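Participant:
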Amino acid sequence: MTEIVENPFVITPGTVQQGHKRVRAFSAGELVVDSGTPLQVWEHPYFPENFFAAEDLEVELRPAGRGPRSKVLGVSDVFDVVIGDRVLPRAARRHPEAEVVALRDAYALTWSAFDTWMEEDEIVFTHPRSPYVRIDALASSRHVIATLGGVVVADSHRPVVLFETGLVPRFYLPQVDVRMDLLTPVATVSHCPYKGTATYWDLAVDGTTVSDAAWSYRTPLPESTKIAGLVAFWPEKSAELHVTVDGQEIGIA
-16 MTEIVENPFV
-6 ITPGTVQQGH
4 KRVRAFSAGE
14 LVVDSGTPLQ
24 VWEHPYFPEN
34 FFAAEDLEVE
44 LRPAGRGPRS
54 KVLGVSDVFD
64 VVIGDRVLPR
74 AARRHPEAEV
84 VALRDAYALT
94 WSAFDTWMEE
104 DEIVFTHPRS
114 PYVRIDALAS
124 SRHVIATLGG
134 VVVADSHRPV
144 VLFETGLVPR
154 FYLPQVDVRM
164 DLLTPVATVS
174 HCPYKGTATY
184 WDLAVDGTTV
194 SDAAWSYRTP
204 LPESTKIAGL
214 VAFWPEKSAE
224 LHVTVDGQEI
234 GIA
């Protein structure tokens, strides 16, 4: 009998592919790298890291010793990135013994060391985008109910269902269908290169509080604009927090 495949888009760590998007990085307005053909390297299954040829770098690299060993790429040498009179310590690395020969002379730049990354002429946030991830935000009439300790905290027949490759569907609800009086804004934020920056609420009912129980993208990125300002609940946060869709509880691992 043929098995059901939950996620056929998991990329095997160690995969190296030729990229086709122009990728640039900047530090304080200074161009650091500009490449139309970066190598996309998966060190884990979720998204790639860009590796660049030496000739695509607009800065000086100074050897800074050995770096951490990668499980899939082997030993690494790290480099300080010199931009004029500024030095970004250990902000680049190379894997001289990588199995893929073309990778041995290519350099990865530490994402967080640079303030702006661009694919073509659009800014990219958080990490490089995977070419295999798609976002679909679809209006729906399915009946979504969220409860905490048996108390209904949201009840909606007009969710927007967000489908993101490799992840479970998430149901985003209009705030008028949510007991916003039970939600308290908190400082937690998360970042997604496909959706943008999410802000969070704690949920409190009858003395029970679930931290970061719900979130919203107030100003999402263009492909996710349909979920702007809507509220999603996070049932993984507590055994007392339940979300049902058309009477069936969402089973989320």
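The sequence shown: position 35 = 18 (the working numbering), numbered continuously.
Ideal Cβ placement from N, Cα and C applies to all residues, glycine included.
As the structure is a prediction and not an experimental result, all values here were calculated from the model.
Determine the burial state of residue 216: buried for a count of at least 16 other Cβ atoms within 10 Å of its Cβ, exposed for fewer.
Facilitator: Walking along the sequence shown from the start, residue 216 turns up at place 233. Flag for residue 216 reads buried.
Participant: If I'm right that residue 109 touches residue 175 with Cβ under 8 Å, what's the distance once you round it to whole angstroms?
Facilitator: For the purposes of this step, residue 109 is taken as residue 126 along the sequence shown, with counting starting at 1. For the purposes of this step, residue 175 is taken as residue 192 along the sequence shown, with counting starting at 1. Yes, residue 109 and residue 175 are in contact; Cβ-Cβ is about 6 Å, under 8 Å.
Participant: Report the option in 22, 31 and 48 whose CA atom is closest to the CA atom of residue -5.
Facilitator: Here residue -5 corresponds to residue number 12 of the sequence shown, with the count starting at 1. Distance check between residue -5 and each of 22, 31 and 48 places 31 closest, using alpha-carbon atoms only.
Participant: Quick one: Cα of residue -1 to Cα of residue 86, how far?
Facilitator: Residue -1 sits at position 16 when you count from the first residue of the sequence shown. Residue 86 sits at position 103 when you count from the first residue of the sequence shown. Across the structure, residue -1 and residue 86 are spaced so that their CA atoms are roughly 8 Å apart.
Participant: Starting from residue 130, trace the beta strand (DSSP E) in both directions and tell me its first and last residue.
Facilitator: In the sequence shown, counting from the first residue as 1, residue 130 sits at position 147. Looking at the DSSP string, the run of the beta strand (DSSP E) that includes residue 130 is 127 to 131.
Participant: Residue 36 and residue 239 - do their beta-carbons sit closer together than 8 Å?
Facilitator: A question about residue 239 goes unanswered here, because the residues of the chain that appear run from -16 up to 236.
Participant: Buried or exposed: which applies to residue 135, given that a residue is buried once 16 or more other Cβ atoms fall within 10 Å of its Cβ?
Facilitator: Residue numbering aside, residue 135 sits at position 152 when the sequence shown is read from its first letter. Under this definition residue 135 is an exposed residue.
Participant: Between the Cα of residue 116 and those of 129, 147 and 124, spot the shortest distance and give me the residue it belongs to.
Facilitator: Position 133 of the sequence shown, counted from the start, is the residue given in the question as residue 116. Here the closest residue by C-alpha is 147.
Participant: Counting C-beta neighbours from all protein chains within 10 Å, is the total for residue 67 16 or more, i.e. buried, or is it exposed?
Facilitator: Locating residue 67 in the sequence shown gives position 84, where the first residue counts as 1. Result: exposed.
Participant: At a cut of 8 Å, does the stretch 93 to 111 reach the stretch 122 to 130 through at least three beta carbon pairs?
Facilitator: no
Participant: Using only the alpha-carbon positions, how far apart do residue 131 and residue 153 sit?
Facilitator: On the sequence shown, residue 131 is found 148 positions in, with the first residue counted as 1. On the sequence shown, residue 153 is found 170 positions in, with the first residue counted as 1. Approximately 18 Å between the Cα atoms of the pair.
Participant: Between the Cα of residue 51 and the Cα atoms of 140, 60 and 7, which residue gives the shortest distance?
Facilitator: By 1-based counting over the sequence shown, the position of residue 51 is 68. Looking at the Cα atoms, 60 is the closest of the given residues.
Participant: Considering only DSSP beta bridges, list what residue 143 is partnered with.
Facilitator: Taking the first residue of the sequence shown as 1, we reach residue 143 at position 160. DSSP output for residue 143 lists 122 and 155 as bridge partner(s).
Participant: Does any residue of chain B have a CB that is nearer than 8 Å to the CB of residue 104?
Facilitator: Chain labels in this structure do not include chain B; a single protein chain is all it has.
Participant: For residue 10, count neighbouring Cβ atoms within 10 angstroms of its own Cβ and tell me buried if that reaches 16, exposed if not.
Facilitator: On the sequence shown, position 27 is the one that residue 10 refers to. Buried: at least 16 other Cβ atoms inside 10 Å.
Participant: So, residue 199 versus residue 212, is the Cβ gap smaller than 8 Å?
Facilitator: Taking the sequence shown and counting its residues from 1, the one referred to as residue 199 is at position 216. Taking the sequence shown and counting its residues from 1, the one referred to as residue 212 is at position 229. Yes.
Participant: By alpha-carbon positions, which one of 233, 209, 206 and 156 ends up nearest to residue 197?
Facilitator: If you number the sequence shown from 1, residue 197 lands on position 214. When only C-alpha atoms are compared, the closest one is 156.
Participant: What does the Cβ neighbour count give for residue 3, buried or exposed, with the cut at 16 atoms within 10 Å?
Facilitator: Along the sequence shown, one-based indexing puts residue 3 at 20. That one is exposed.
Participant: Could you pull the DSSP bridge partners for residue 174 from this structure?
Facilitator: Working through the sequence shown from its first residue, we reach residue 174 at position 191. BP columns for residue 174 point to 180.
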